[in-house]
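**Student:** The structure is given below, and queries will be raised subsequently.
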Amino acid sequence: MTISQQVNKNITKAEYFNNNGKGFNSPHVIEVEDLNIKVEVYSHNLRASKVANIESEIRETATNFKNAFELERGSSEQTFKIYMFDDKDDYTHLGGSERFGSYLGDEGGKCYYKGKADVFAEMYVYQQGGIHNLQHEFAHGLTYLATGGKSLPTVLMEGIADYFEHHSDHKFNSQGSSIDKTEAANLDLDKILSLEYSKDSEANSLVYKTGHALIMYLQEKDPSLLRDYLDALRQGNSDESKSFLKDIKGHDTDFKSWLAENDTETAMEHLNALQVTKGDFIAIGQEIVGGEIKNVSYYKANIEKMDGENVGSFSPVEHVAFYDVARAINRATNDTLDISKEYHFLKVVKTSDGQDKLTYSDQQGNEYRNSLEYKNQAFRMLSKYDENLKKAYDDALKNLDEQRQMEYPKINKEYSEGKISYEEYSDKYYSIPSKYEELKSTLLDKTINTGLEQVKATKNIDVEKMLGEMINIDSNLIRGTNHIDLQEGKIFSMQAHGQGDMGALSIYDGNTKLGELLSESGFFKQVEGQTKETFVFEDILHNLNVSYEGGAYMAVTKENGHYKASLIDGRTVERDEYFDEAHLHENELLHPSTGHIQKDLDSLLLRGTKILNHQDSEHAQYSDEQKANGVIVEKGKLLDNKGTDRTDDDVYEAVVKQGDERLHEFKNMGFYITEKGDLFIHDHGANVRFQLPQSITHLKLVEKDGAYKLVPVTKDGNEHPVGMPNISDEYRYIDPIFAHEYEKRDYSHKHVNVGLINLEKYGSGKLFAIKYDPNDYHIQRNSSGEIVRIKDQTYFTKVKLFDGDEEIGMLSNNFHNFKGKIFFSADYNYSYNDFLASVSPQVEIEDMGNGSKKITFDQGSGDIGDTNRGYTDYQRIFTKEKQTESPKGQVSETKTEVHSTTNVVAQAAEEKTASNDNSEMVRPESLRSYCLKGEEFLQKETERILKLIKPDVLPSESTHQCESGNRLVPSDADNEPPLEKEDAQS
């Protein structure tokens, strides 16, 4: 099969909105009798399971709008038409084409007022897990209904839409975000009501934030005012409507007081919460943001009480066992130290500022900082911040070597002239190497000291302090212990017990385990030219990060005598669909250690409310009926325990079951390739990875144990070229279930798996070329389409398969497994910040005939973290009942949903338009997330791959890259970029 990239090519509006094959004239109809309106929903591929949610959101918005503004039932039925694209790419590309005539762009949704007999208003939205901005755009249509098609000030138009979009929003605390940003803007109502859409994202967001806050205030304090204003517009009473608008502006003083009373800081004070704020400057690096290389400043993250009292801080440094080294990683700057086994001990030392710390040392107590290994790595790290340093050092080394070479003829001459005896000659001859090794050591020390001073003086980057934080460890940053004997000079040993390539570093006093070095970090980053700053928290052993725009809030709780720290969204909700009682939401996917807090924890305990976890609700679990008779996913065997005492980072196999029958065991194999041709095989479950030499350019079809397999070979079919690692048959013989065909649109990087490559038509011994994808979404490009790189950056892409010049498919790079009690499913060929996290994943199995089955996921009440932005719409896995005997098997594809909206307005002919962009909505739990959002996250994590490769395979030095969208970003296990949760707007 030739891979199809012609999907939706030249498709018309009527052909696209065929309503799942029923035809353009067969939309789903929702009658809203109370308002006498008919809503026609047009779609392309819309799952039946989403229809109920669409109806619920439409009816909820209509009821809330009717009650708020006392709308009466119209005398004649009005028709609202809602067009739902499959995703944002279709919305932008097809909706913006002349064929569709919808004049859509990069906004998050659009509403046109038509005012015709057959259509009162048209709305355009797209699927993104759920239906993105459906309630917002429908509220625009209802606003036109309330005003009789008359226009409102832009701020009120968007404010009303946001108000009803988030009227019953229990998760994202968008109300608090709007209040905070409006208060921070400090604008009078007269100025607020004159705000218009802007190409500047921050200025544009104010239209929505201030409007949302103003509508909340009016509906709470003077609900009749806005109602009467809309009614006056509908009746065409110009003077009266102007008078009402003037009355709204007259609320300026009271509005500002209301903002102060209801801002997040006030709410946090009542809860005794903690705030995470930007601390001291660390360093400047570079990241790729929006296709441009930008300078990014990194800062420490402080933990403070709401009154500003400092109670702790996050360290930007993580410590893990990686292969046979201990690795210290500054996650902000991506600087690393790989500490050899000789120095896998920790000695208690007193630092220059009088603190007791644990420093890396050997068994005899010789400190790592005095070793040549450390100095070489410190010099490499220092050279990153002073490019002239390495050249100066190399020149000095060359000069030393020249002096050394001159020593030999000099002493030869002295001996031949009889000036020295043979004994003296011999002593001098054999002392030259050691003498110059001492000179080289002295030169290195001097160069490092000079470089440290220069970088600090010229760039305000304290590399010495950064290095100290990487090798000197605070005892409070050891998980699992409340006390360590910090007697100066005492030496502790370290051990690694993880089953895979990366795991925790455990500290021992003799045979007694005291705890584990923290594998988590927190820091702030700020991109040049942007006023907003982002707090990033990650745990590398969880393969996950999360980002919060502007900072974050934390709560300390105590359960069964144990303290717990949580990242929270800041506001108590009275109830939600999971709990019928007041509670706080926390980030359920990542939990910081209480070790970051240095104050008495009892005084910091949360008060006035409690934290309830979505995953613990009975509504999030499988029903008894589904467990007994339906299809469910359960834990299988343990794949990797990461070497920690925690259970929430243990990785388990995921098994699809129905009753007692095991229908499918998910695989976790991934394949990716560099632009230079380095092929990687990665078992995401067992946490092991192999790099193959660049001479491996093909896969050969062979028979192994009665089944087809694909084995990596050279162009000549050699399975064992020079440099080929010694790997087990489990990984060397690739199951064809990981080779699949796909479809994609030429305007989108997203692919849809359509089945496995039919290898049976090829004979044994057939060679397939493997190539990198030059159009992969990882590869960053500028506005001119040129590839953007930071220094010598190398990109990783999906692996494409070719038969001659014909592309026949790609290799998978996905995983489906449990971490603790949470099931994760992701496809790195598609996205790092769009995935499924669930405690009761909804699985559908379709019999395709001949023993073949297709497995798909759906949204469910057990999904947590709001990470699914369309992933479940696209994920497909094909399998045979007996996978080992057939070349047909698993395939997958991904997409995901996070609350992010984008608002921009466009005028089309004389029609009135309202467009929606809420990309600034605060999301409390974003994987970077990461999503760390857009391309920034993907770039940063690709670079981290290079730094996490086995030291003797790839150089550990590489460039810092951008992280975007949440990249739940966010932290990677082994070399694979982490999933990212997105909590802040981009």
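Position 671 of the sequence shown, counting from 1, maps to 1134 under the numbering used here, and the rest follow consecutively.
Note that CB positions come from ideal geometry on N, CA and C, so glycine has one too.
Near T526, which residues of its chain fall below 8 Å by C-beta distance, leaving aside the five closest residues on each side in sequence?
**Tutor:** If we look at T526 and ignore the five residues flanking it on each side, its Cβ neighbours are D497.
**Student:** Under 8 Å by Cβ, that's how I've got L1053 and L1030 pegged, so tell me the actual separation to the nearest angstrom.
**Tutor:** Indeed, because the Cβ distance is near 7 Å, the residues count as touching under 8 Å.
**Student:** Quick one: what does DSSP say F480 is sitting in, helix, strand or coil?
**Tutor:** F480 falls in the coil class under three-state DSSP.
**Student:** By the three-class DSSP mapping on this structure, what secondary structure does K1234 have?
**Tutor:** Strand, per DSSP.
**Student:** Could you check what DSSP says for L1069 in three-state terms: helix, strand or coil?
**Tutor:** Reduced to three states, the DSSP call for L1069 is coil.
**Student:** How big is the Cα-Cα spacing for S1315 and E1307?
**Tutor:** Roughly 14 Å separates the two Cα atoms.
**Student:** Apart from the five residues on each side of it in sequence, which residues of its chain come closer than 6 Å, Cβ to Cβ, to Y823?
**Tutor:** The residues are I802, Y806, Y831 and I934.
**Student:** Which ranges would you report for the beta strand (DSSP E) in the region 571–598 if only whole runs of at least 3 residues count?
**Tutor:** DSSP runs (the beta strand (DSSP E)) wholly in the region 571–598: 573–576, 584–591 and 593–595.
**Student:** Please return the same chain residues whose Cβ sits closer than 6 Å to the Cβ of A746, not counting the five positions on each side in sequence.
**Tutor:** Cβ within range, chain order: Y761, T796 and I924.
**Student:** Can you tell me the Cβ-Cβ gap for G1148 and E1116, rounded? I've got them flagged as a contact below 8 Å.
**Tutor:** Indeed they touch by this definition, with Cβ atoms about 7 Å apart.
**Student:** Just to confirm before moving on: does the CB-CB distance between N1463 and E540 stay below 8 Å?
**Tutor:** With the chain covering 464 to 1449 only, the question about residue 1463 has no answer from this structure.
**Student:** Bridge partners of G966, per DSSP?
**Tutor:** Per DSSP, A784.
**Student:** Let me know if N473 comes out buried or exposed under the rule of 16 or more other beta-carbons within 10 Å of its beta-carbon.
**Tutor:** With fewer than 16 Cβ atoms within 10 Å of its Cβ, N473 is classed as exposed.
**Student:** What first and last residue would you give for the alpha helix (DSSP H) that runs through P1175?
**Tutor:** No alpha helix (DSSP H) holds P1175; the beta strand (DSSP E) holding it covers A1170 to V1176.
**Student:** Can you give me the start and stop residues for the beta strand (DSSP E) that M547 sits inside?
**Tutor:** M547 -> beta strand (DSSP E) spans Q541 to F548.
**Student:** For the region 721–740 and the region 688–705, state whether three or more C-beta atom pairs, one from each stretch, are separated by less than 8 Å.
**Tutor:** In short, these stretches do not touch, since the Cβ pair count stays below three.
**Student:** Does the ligand FMN have even one heavy atom less than 7 Å from the beta-carbon of I1250?
**Tutor:** Although the ligand FMN was asked about, the structure shown includes no ligands whatsoever.
**Student:** Using a Cβ-Cβ cut-off of 6 Å (strictly less than) and excluding sequence neighbours within five positions of D864, which residues of its own chain qualify?
**Tutor:** Same-chain partners within the cutoff: there are none.
**Student:** Helix, strand or coil: which one does DSSP assign to G978?
**Tutor:** Strand, per DSSP.
**Student:** A855 by DSSP, collapsed to three states: which one?
**Tutor:** In this structure, A855 counts as helix in the three-state DSSP scheme.
**Student:** Tell me the start and end of each unbroken beta strand (DSSP E) in the region 678–728 that is at least 3 residues and wholly inside, in chain order.
**Tutor:** Here no run is fully enclosed.
**Student:** Secondary structure at G775, three-state DSSP: helix, strand or coil?
**Tutor:** G775 falls in the strand class under three-state DSSP.
**Student:** Ignore the nearest five residues each way along the sequence and tell me which others in L708's own chain have a CB closer than 7 Å to its CB.
**Tutor:** Here the set comprises Y692.
**Student:** To the nearest angstrom, how far is it from the Cα of N1381 to the Cα of Q598?
**Tutor:** Here N1381 scores only 39 on pLDDT, less than 50, and its place in the model is too uncertain to base an answer on.
**Student:** Contact defined as beta carbons within less than 8 Å: I believe E991 pairs with N758. What is the distance between those atoms, to the nearest angstrom?
**Tutor:** Contact holds; Cβ gap of about 4 Å.
**Student:** Do T1260 and I1233 come within 8 Å of each other at the CB atom, strictly closer than that value?
**Tutor:** Taking 8 Å as the Cβ cut-off, I1233 and T1260 do not qualify as a contacting pair.
**Student:** Taking all protein chains shown into account, decide if E932 is buried (16 or more other Cβ within 10 angstroms of its Cβ) or exposed.
**Tutor:** Classification of E932: buried, given that the 10 Å Cβ count is 16 or more.
**Student:** Shorter than 8 Å from the beta carbon of R1252 to some beta carbon of chain B?
**Tutor:** Protein chains in the displayed structure number just one, and chain B is not present.
**Student:** Please report the distance separating the alpha-carbon of N1050 from that of D702.
**Tutor:** Between N1050 and D702, the C-alpha separation is close to 50 Å.
**Student:** Between I947 and I941, how many whole angstroms is the CB-CB distance? I'm expecting something under 8 Å.
**Tutor:** So it is a contact: roughly 7 Å between Cβ atoms.
**Student:** Which whole-angstrom value describes the C-beta separation of E951 and V811, a residue pair presumed to lie in contact below a C-beta threshold of 8 Å?
**Tutor:** Their Cβ separation, rounded to whole angstroms, is 5 Å, which keeps E951 and V811 in contact under 8 Å.
**Student:** Determine the closest residue to T1257 out of M547, E1309 and T1137, with distance taken between C-alpha atoms.
**Tutor:** The shortest C-alpha separation from T1257 is found at T1137.
**Student:** By DSSP, does S1080 sit in helix, in strand, or in coil?
**Tutor:** Coil.
**Student:** Excluding sequence positions up to five away, which residues of its chain have a Cβ less than 6 Å from the Cβ of K644?
**Tutor:** Correct list, in chain order: K672.
**Student:** Any idea what DSSP makes of R942, helix, strand or coil?
**Tutor:** The answer is strand: DSSP assigns R942 an E or B state.
**Student:** Buried or exposed, going by whether 16 or more other CB atoms sit within 10 Å of the CB of Q1322?
**Tutor:** Buried, because 16 or more other Cβ atoms sit within 10 Å of the Cβ of Q1322.
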